[in-house]
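The number in our numbering is simply the position in the sequence shown, starting from 1, with 48 added.
Working notes, structure below.
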Amino acid sequence: MSSLRPRAWQAVLLGGLLAFATACGGGPDGAGGGQQQKPSAVPDNTALLGAIKADPQLAGALPPAVAQAKTLRLASNIQSAPNNFYAADGKTPIGYEVDLAKAVGAKLGVTVAYQDLAFGSLITSLQSGRVDLTMAAMNDTKERQKQIDFVDYFSSGITIMIRKGNPDGITGPDTLCGKNVAVVQGTSHQKFATAQSAKCTQAGKPAITVTATDSDNQNQNQLRTGRVAAILNDLPSAVYISRTAGDGKFFEVVPGQPIEGGPYGMGFAKSNTKLRDAVKQALQSLVADGTYGKILQSWGVEQGAVKEAAVNGGS
Numbered sequence: 049m050s051s052l053r054p055r056a057w058q059a060v061l062l063g064g065l066l067a068f069a070t071a072c073g074g075g076p077d078g079a080g081g082g083q084q085q086k087p088s089a090v091p092d093n094t095a096l097l098g099a100i101k102a103d104p105q106l107a108g109a110l111p112p113a114v115a116q117a118k119t120l121r122l123a124s125n126i127q128s129a130p131n132n133f134y135a136a137d138g139k140t141p142i143g144y145e146v147d148l149a150k151a152v153g154a155k156l157g158v159t160v161a162y163q164d165l166a167f168g169s170l171i172t173s174l175q176s177g178r179v180d181l182t183m184a185a186m187n188d189t190k191e192r193q194k195q196i197d198f199v200d201y202f203s204s205g206i207t208i209m210i211r212k213g214n215p216d217g218i219t220g221p222d223t224l225c226g227k228n229v230a231v232v233q234g235t236s237h238q239k240f241a242t243a244q245s246a247k248c249t250q251a252g253k254p255a256i257t258v259t260a261t262d263s264d265n266q267n268q269n270q271l272r273t274g275r276v277a278a279i280l281n282d283l284p285s286a287v288y289i290s291r292t293a294g295d296g297k298f299f300e301v302v303p304g305q306p307i308e309g310g311p312y313g314m315g316f317a318k319s320n321t322k323l324r325d326a327v328k329q330a331l332q333s334l335v336a337d338g339t340y341g342k343i344l345q346s347w348g349v350e351q352g353a354v355k356e357a358a359v360n361g362g363s
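Dropping the structure here:
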């Protein structure tokens, strides 16, 4: 994660979820409801996942232990909506990552068993053999590649969140010049805003006024009241906040690819190349047949879609 603050804002998001949640389904993937129904913050992809057929060839490529158990032991840090978080019952993992993991499992003919672990213990859990893979919005980086392998499934990065209706006419980084932009202190978002402000002045445009606060919640309050024109945040959380805050009436996300994007990767032990390659092929198959895109679209995070399930594609 580029800025690991999920505990602080999960309560805000889940509060918004409880206020916003409508009938399940209704997402653009067609898993339920018609076009007039507002997409739910928590889509029901049961039908979409249930339609996935196991690929015998891919299933045959699994390591014997996984094939015999017919279960993938997946570790995550379940607290980061909409990546992975708990449903209202407090025990069922949900999120676009959860749906992707289920889809990969279905393609391989196995079920997925979640373990909720501290983020800092995910890599060691792979290395010790406690779990088979991890999936927890973990950035695939060269430094982490020294310890584990990755199969990349999503491209995150900085996203611009604005007031509903875009009254300030913000369409991308270049239109932030002369605007007041909120970030959380000490994050990559603050670093980007400062650098972008320098680009503005170098081009003869007004500088960006960067307002750094201690929390996303403070930034949202400032954006709602018009004290700032935009917030910089990570793609998944920005999308989710926009869909849940004020019943989806407060904010929206500027369209386009994530800024300074980098991949999230499923993690594997260096010794487990057989499982890594089987999962890679299963995910690539889901990309090719459109299931992958439908899952991301149903959660509103299709901007982070990858075209290829690359191995160790991060930098």
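Beta carbons: idealized from backbone N, C-alpha and C, even for Gly.
Bear in mind that the values here come from a model prediction, so they are computed numbers and not experimental data.
>> Taking 8 Å as the limit between beta carbons, can you name the residues of its chain near aspartate 77, skipping five residues before and five after?
In response: Working through the sequence shown from its first residue, we reach residue 77 at position 29. Low confidence applies to aspartate 77: its pLDDT is 27, below 50, so where it sits in the model is not reliable enough to give any reading.
> Do valine 287 and asparagine 228 have their CB atoms nearer than 7 Å?
Replying inline: In the sequence shown, counting from the first residue as 1, residue 287 sits at position 239. In the sequence shown, counting from the first residue as 1, residue 228 sits at position 180. No, the pair does not count as a contact, with Cβ atoms beyond the cut-off.
> So which of Phe240, Ala117, Asn214, Gly234 has the shortest CA-CA distance to glycine 274?
Replying inline: Residue 274 sits at position 226 when you count from the first residue of the sequence shown. Of the listed residues, the one whose Cα sits closest to glycine 274 is Asn214.
> Going along the chain, which residues of its own chain have a beta-carbon closer than 6 Å to the beta-carbon of glycine 348, five neighbours each way excluded?
Replying inline: Residue 348 sits at position 300 when you count from the first residue of the sequence shown. Result list for glycine 348: Val287, Arg291, in chain order.
> By DSSP, does glycine 153 sit in helix, in strand, or in coil?
Replying inline: Here residue 153 refers to the residue found at position 105 when the sequence shown is read from its first residue. The answer is helix: DSSP assigns glycine 153 an H, G or I state.
> Is the beta carbon of isoleucine 196 sitting closer than 7 Å to the one on glycine 315?
Replying inline: For this step, residue 196 is matched to residue 148 along the sequence shown. For this step, residue 315 is matched to residue 267 along the sequence shown. Yes, the pair counts as a contact, with Cβ atoms nearer than the cut-off.
> Distance, Cα to Cα, leucine 334 vs isoleucine 142?
Replying inline: Working through the sequence shown from its first residue, we reach residue 334 at position 286. Working through the sequence shown from its first residue, we reach residue 142 at position 94. Looking at the two C-alpha atoms, the distance is approximately 19 Å.
> Rounded to a whole number of angstroms, what is the C-alpha to C-alpha distance between glutamine 83 and proline 254?
Replying inline: For the purposes of this step, residue 83 is taken as the residue at position 35 of the sequence shown. For the purposes of this step, residue 254 is taken as the residue at position 206 of the sequence shown. Here glutamine 83 scores only 35 on pLDDT, less than 50, and its place in the model should not be relied on; the value that follows carries that caveat. Going from the Cα of glutamine 83 to the Cα of proline 254 covers about 42 Å.
>> So the candidates are Asp222, Asn265, Gln270; which of them puts its Cα closest to the Cα of threonine 249?
In response: To locate residue 249, count along the sequence shown from 1; it is residue 201. It is Asp222 whose Cα lies nearest to the Cα of threonine 249.
> Just checking, does the segment 308-326 make contact with the segment 177-190 on the three C-beta pairs under 8 Å criterion?
Replying inline: yes
>> Could you tell me the alpha carbon to alpha carbon distance between glutamine 268 and tyrosine 162, rounded to whole angstroms?
In response: Indexing the sequence shown from 1 puts residue 268 at position 220. Indexing the sequence shown from 1 puts residue 162 at position 114. Approximately 32 Å, taken between the alpha carbons.
> alanine 326 and aspartate 200: beta carbons closer than 7 Å?
Replying inline: Position 278 of the sequence shown, counting from 1, holds the residue named residue 326. Position 152 of the sequence shown, counting from 1, holds the residue named residue 200. No, these two residues do not count as a Cβ contact at 7 Å.
> With a CB to CB cut of under 8 Å and the five nearest residues on each side skipped, what residues in its chain are close to valine 354?
Replying inline: Here the question's residue 354 lines up with position 306 in the sequence shown. Once the five neighbours on either side are set aside, the close Cβ partners of valine 354 are Asp200, Tyr201, Phe202, Ser203, Pro311, Val335.
>> My parser needs the alpha helix (DSSP H) runs of 4 or more residues fully inside the segment 111-175; what are they?
In response: 112-117, 144-156, 170-175
>> Beta-carbon within less than 8 Å of aspartate 262's beta-carbon, same chain only, minus the 5 sequence neighbours each way: which residues are those?
In response: Here residue 262 is taken as the residue at index 214 of the sequence shown, counted from 1. Excluding residues within five positions, the ones whose Cβ falls inside 8 Å are Val232, Gln233.
> Short check: CB of leucine 174 to CB of alanine 317, under 7 Å?
Replying inline: Taking the sequence shown and counting its residues from 1, the one referred to as residue 174 is at position 126. Taking the sequence shown and counting its residues from 1, the one referred to as residue 317 is at position 269. Closer than 7 Å, so yes.
>> For glycine 310, list the residues DSSP reports as bridge partners.
In response: By 1-based counting over the sequence shown, the position of residue 310 is 262. According to DSSP, which records beta bridges pairwise, glycine 310 is partnered with Ser204.
>> Assuming leucine 280 is part of the alpha helix (DSSP H), what are its boundary residues?
In response: Translated into positions along the sequence shown, residue 280 becomes position 232. Where leucine 280 is concerned, there is no enclosing alpha helix (DSSP H), although the beta strand (DSSP E) it sits in stretches over 278-282.
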